[in-house]
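Enquirer: A single structure is presented below for examination.
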Amino acid sequence: MKNYKIIVIGAGPAGLAAALQASKDGIDDILVLERDKYMGGILPQCIHNGFGLEYFDQELTGPEYADKFIKDIDKNNIKVLTETMVLNINQDKIITALNKSNGVLKMKANTIILAMGCRERTRENIQIPGDRPAGILSAGTAQRYTNIEGFIPGKEVIILGSGDIGLIMARRMKLEGANVKAVLEIMPFSSGLVRNKVQCLDDFDIPLKLKHTITRIEGKKRLKRVEISKVDKDFNLVEGTQKWIDCDTLLLSVGLIPENELSKAMNLKLHPVTGGVYVNENRETELKGVYACGNVLHVHDLVDWVSEEAEIAGRSAAEYLNGNQEKRNQPIKITPEKNVTYTVPQKIEYKFKDKKFIKIFLRVEKPMENVKIVFSHNEKSILSYDKKIVMPGEMVTVNLPAALIKNDMEEIKLSIVEKVGEKNGRT
Amino acid sequence: MEEHDIICTGCPKGCRVTVTVEKDEITDIKGFECPTGKEYAINEYKNPTRILPTTVRVKEGEFPLVPVKTAKPIPKSLLLEAMKVIAEKEVIAPIKIGDTVIENILDTSVNIVATRNIEKK
Numbered sequence: 018m019k020n021y022k023i024i025v026i027g028a029g030p031a032g033l034a035a036a037l038q039a040s041k042d043g044i045d046d047i048l049v050l051e052r053d054k055y056m057g058g059i060l061p062q063c064i065h066n067g068f069g070l071e072y073f074d075q076e077l078t079g080p081e082y083a084d085k086f087i088k089d090i091d092k093n094n095i096k097v098l099t100e101t102m103v104l105n106i107n108q109d110k111i112i113t114a115l116n117k118s119n120g121v122l123k124m125k126a127n128t129i130i131l132a133m134g135c136r137e138r139t140r141e142n143i144q145i146p147g148d149r150p151a152g153i154l155s156a157g158t159a160q161r162y163t164n165i166e167g168f169i170p171g172k173e174v175i176i177l178g179s180g181d182i183g184l185i186m187a188r189r190m191k192l193e194g195a196n197v198k199a200v201l202e203i204m205p206f207s208s209g210l211v212r213n214k215v216q217c218l219d220d221f222d223i224p225l226k227l228k229h230t231i232t233r234i235e236g237k238k239r240l241k242r243v244e245i246s247k248v249d250k251d252f253n254l255v256e257g258t259q260k261w262i263d264c265d266t267l268l269l270s271v272g273l274i275p276e277n278e279l280s281k282a283m284n285l286k287l288h289p290v291t292g293g294v295y296v297n298e299n300r301e302t303e304l305k306g307v308y309a310c311g312n313v314l315h316v317h318d319l320v321d322w323v324s325e326e327a328e329i330a331g332r333s334a335a336e337y338l339n340g341n342q343e344k345r346n347q348p349i350k351i352t353p354e355k356n357v358t359y360t361v362p363q364k365i366e367y368k369f370k371d372k373k374f375i376k377i378f379l380r381v382e383k384p385m386e387n388v389k390i391v392f393s394h395n396e397k398s399i400l401s402y403d404k405k406i407v408m409p410g411e412m413v414t415v416n417l418p419a420a421l422i423k424n425d426m427e428e429i430k431l432s433i434v435e436k437v438g439e440k441n442g443r444t
Numbered sequence: 002m003e004e005h006d007i008i009c010t011g012c013p014k015g016c017r018v019t020v021t022v023e024k025d026e027i028t029d030i031k032g033f034e035c036p037t038g039k040e041y042a043i044n045e046y047k048n049p050t051r052i053l054p055t056t057v058r059v060k061e062g063e064f065p066l067v068p069v070k071t072a073k074p075i076p077k078s079l080l081l082e083a084m085k086v087i088a089e090k091e092v093i094a095p096i097k098i099g100d101t102v103i104e105n106i107l108d109t110s111v112n113i114v115a116t117r118n119i120e121k122k
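Residue numbers (the numbering used here), protein chains in the order written: chain A, 18 to 444; chain B, 2 to 122.
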């Protein structure tokens, strides 16, 4: 059986950045497995601009962002097998995969980096009653048809969900000549970036209906119309607000789920909030030498953060292979408290060596203004950062300096509190 | 006197900035909470521009489309008209990222450039 020092599962932004980092750190025997025909994951179909502002300090489209990594993968002679589907990974790090030219492939790895990304929630996930006609697609599927395959999925379009993919597809369909009748959002606010709301909806007078959802679907072969209804603050339907809208296409942008079938096959436990595995600061999972990064670990809103996180995993895998890691006497748990829904990583397990700080990713429960992000130990604050505004849709990153970490610590808690005695809220 | 409401895209706050205009002159700007908001509102009132990302048909390519964008932002009011010009265009593979696909679209002196490599089939 062929052995590799590192096998990376997935050649999306996370897999590519992780493989490149490990290669830069001196590991020469890396294989990347990718089920699609091309590298880049979702990026090549995200033809809009807005990527790279954090990571490259310039504004790029998705394909341009991906190209920067793909070029380096080729330059560094990292082996990539495309159109190769990984079927199973076991706890001994033996990988079973399948492709057209090799049939079933079995190989072993010293370390594995999980970078499978996420997939979209479907109509079945959110249970909309009614007929089951053609014309109901996830927004990402419609994006692939429109931007890569060269098909426009329909002409009279309704979009459910105002996350970024929904907003981007509203503009895309409109630009390609479709009539985008409305974007519906069950929450009282759009979960997409302000910029996308302005440039994708307002620019084209596409109405955004907040606190609205779809309650029925009608159509025999092709979608004919949908029933929309208003919801109250507990998401119950408001009687008498039902309205039918004619359309031939319904795009769903209703959330993303980390794609963790392979992690489950390795018996890795999934976190109830992130839907990803548990990791330490090296992005190492509960299995030694197995790492996870990118959207398979937790859904990011910026690819720039994915690249950065994947580099941590790639660097850690190289350190592990080079025998350059030392565990702490005891791990330090990082626990989300007030107004924090989750943190990544969930614990700190290794000694810092030359690391100056650990970057913590977190999400907040609700929109808040003028807040402090507080790290505390034994109920005492050890560090806090001021933040003007936090939103559930925007991941927050904070640095925990190595100098603050003491050997006897067992748990650090993270919470978000409103600053007292200051103006709060908009005037 | 007219009032224009502009939502600032500078940060997640999305301040609603009201620009008051009299005889084509801005007389008042309200509602911004930082300098970015004020500057954004002025630009957005005087000359709103956007980058236009879309696709162009490809012959003999590994994929039937190549993604493209305007190399610089163009006036917002020209977006739909530009789409009509781009829809007429067809290019032949191979195409390299950065290649000019259409020159000087709608006399804006802005080119449409490819954003992905497309190999020959």
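Virtual Cβ for every residue (Gly too), placed ideally from N, Cα, C. Just so it is clear, the structure is predicted and the values come from calculations on it, not from any experiment.
According to DSSP, what are the bridge partners of Tyr-367 (chain A)?
Expert: A:Lys-344
Enquirer: For Asn-441 (chain A) and Ile-406 (chain A), what's the separation of their Cα atoms in angstroms?
Expert: For Asn-441 (chain A), the predicted model reports a pLDDT of 45, less than 50, meaning its position is unreliable and no value from the coordinates is stated.
Enquirer: Under a CB-based cut-off of 8 Å, is Pro-95 (chain B) close to chain A?
Expert: no
Enquirer: Which of the three DSSP states is assigned to Cys-310 (chain A) in this structure?
Expert: Coil.
Enquirer: Suppose the cutoff is 6 Å on Cβ atoms and the five residues either side in sequence are ignored; what does the same chain contact list for Lys-22 (chain A) look like?
Expert: Ile-44, Asp-46, Asn-127, Leu-338
Enquirer: Which residues of chain B have a Cβ atom closer than 8 Å to the Cβ of Thr-158 (chain A), listed in chain order?
Expert: None at all; the shortest Cβ gap to chain B is about 16 Å.
Enquirer: Could you check if Gly-29 (chain A) is buried or exposed, using at least 16 other CB atoms within 10 Å of its CB as the buried criterion?
Expert: buried
Enquirer: Helix, strand or coil for Ile-72 (chain A), going by three-state DSSP, please let me know.
Expert: At residue 72 (chain A) the sequence reads Tyr, which differs from the Ile that was named. Coil at Tyr-72 (chain A), not helix or strand.
Enquirer: Kindly say whether Thr-101 (chain B), judged by its beta-carbon, lies nearer than 8 Å to any beta-carbon of chain A.
Expert: no
Enquirer: Assuming Cys-310 (chain A) and Glu-326 (chain A) are in contact, meaning their beta carbons sit under 8 Å apart, how far apart are those beta carbons, in whole angstroms?
Expert: 5 Å
Enquirer: Kindly indicate the opening and closing residues of the alpha helix (DSSP H) around Ile-8 (chain B).
Expert: Per DSSP, Ile-8 (chain B) belongs to no alpha helix (DSSP H); it is in the beta strand (DSSP E), 3-8.
Enquirer: Note down, one range per segment and in chain order, each beta strand (DSSP E) of at least 3 residues found wholly within the segment 378-411 of chain A.
Expert: 385-394, 397-407
Enquirer: Pick helix, strand or coil for Met-84 (chain B), following the three-state DSSP scheme.
Expert: DSSP places Met-84 (chain B) in helix when its eight states are reduced to three.
Enquirer: Rank A:Ser-155, A:Val-215, A:Asn-164 by C-alpha distance to the C-alpha of Phe-64 (chain B) and give the top, closest one.
Expert: A:Asn-164
Enquirer: Beta-carbon of Phe-64 (chain B) versus every beta-carbon of chain A: anything under 8 Å?
Expert: Output row for Phe-64 (chain B): interface = yes.
Enquirer: Mind checking who Ser-246 (chain A) pairs with in its DSSP beta bridge?
Expert: In DSSP, Ser-246 (chain A) forms a bridge with A:Thr-230.
Enquirer: Of the residues A:Met-102, A:Tyr-82, A:Lys-191, A:Glu-301, which one's Cα is nearest the Cα of Ile-26 (chain A)?
Expert: A:Met-102
Enquirer: To be precise: take each residue of the segment 62-90 of chain A, compare its Cβ to all Cβ atoms of chain B, and keep it if any distance is under 7 Å. Which residues remain?
Expert: Ile-64, His-65, Asn-66, Thr-78, Pro-80, Glu-81, Asp-84
Enquirer: Helix or strand or just coil, what does DSSP make of Cys-35 (chain B)?
Expert: coil
Enquirer: Give me whichever residues DSSP pairs with Pro-68 (chain B) in a beta bridge.
Expert: B:Thr-56
Enquirer: Looking at chain A, is there any beta carbon in it that lies within less than 8 Å of the beta carbon of Lys-77 (chain B)?
Expert: yes
Enquirer: With a threshold of 8 Å between beta-carbons, can Arg-212 (chain A) be considered close to chain B, or not?
Expert: Interface with chain B (8 Å Cβ-Cβ cutoff): Arg-212 (chain A) is included.
Enquirer: Taking 8 Å as the CB-CB cut-off, is Glu-202 (chain A) touching chain B?
Expert: no
Enquirer: Would you call the segment 126-142 of chain A and the segment 250-263 of chain A touching, i.e. three or more CB-CB distances under 8 Å?
Expert: With a cut-off of 8 Å, the segment 250-263 of chain A and the segment 126-142 of chain A do not count as touching, because too few Cβ pairs lie within range.
Enquirer: How do the segment 30-40 of chain A and the segment 299-316 of chain A stand: do at least 3 beta-carbon pairs fall below 8 Å, yes or no?
Expert: The segment 30-40 of chain A vs the segment 299-316 of chain A: in contact.
Enquirer: Going by the beta-carbon positions, is the gap between Val-22 (chain B) and Ile-30 (chain B) smaller than 8 Å?
Expert: Here Val-22 (chain B) is not near Ile-30 (chain B), since their CB atoms are 8 Å or more apart.
Enquirer: Can you look up Lys-122 (chain B) in the DSSP assignment and give me helix, strand or coil?
Expert: Reduced to three states, the DSSP call for Lys-122 (chain B) is coil.
Enquirer: Can you tell me whether Gly-194 (chain A) is buried or exposed, with buried defined as 16 or more other CB within 10 angstroms of its CB?
Expert: exposed
Enquirer: Taking 8 Å as the CB-CB cut-off, is Asn-112 (chain B) touching chain A?
Expert: Asn-112 (chain B) does not count as touching chain A.
Enquirer: If we cut at 8 Å on Cβ distances, does Ile-112 (chain A) have a partner in chain B?
Expert: Answer no: the Cβ-Cβ gap between Ile-112 (chain A) and chain B never drops below 8 Å.
Enquirer: Taking only the alpha-carbon atoms, compute the straight-line gap between Gln-342 (chain A) and Asp-425 (chain A) and give it to the nearest angstrom.
Expert: 19 Å
Enquirer: Based on the DSSP output, what are the partners of Met-102 (chain A) in its beta bridges?
Expert: A:Leu-115
Enquirer: With a threshold of 8 Å between beta carbons, is Lys-122 (chain B) in contact with chain A?
Expert: no
Enquirer: What do you reckon, are the CB atoms on Lys-247 (chain A) and Lys-228 (chain A) nearer than 8 Å?
Expert: yes
Enquirer: Taking all protein chains shown into account, decide if Ser-110 (chain B) is buried (16 or more other Cβ within 10 angstroms of its Cβ) or exposed.
Expert: exposed
Enquirer: Measure how close the beta-carbons of Gly-183 (chain A) and Ala-159 (chain A) come, nearest whole angstrom, since I'm counting them as under 8 Å.
Expert: Not really, about 10 Å apart at Cβ, beyond 8 Å.
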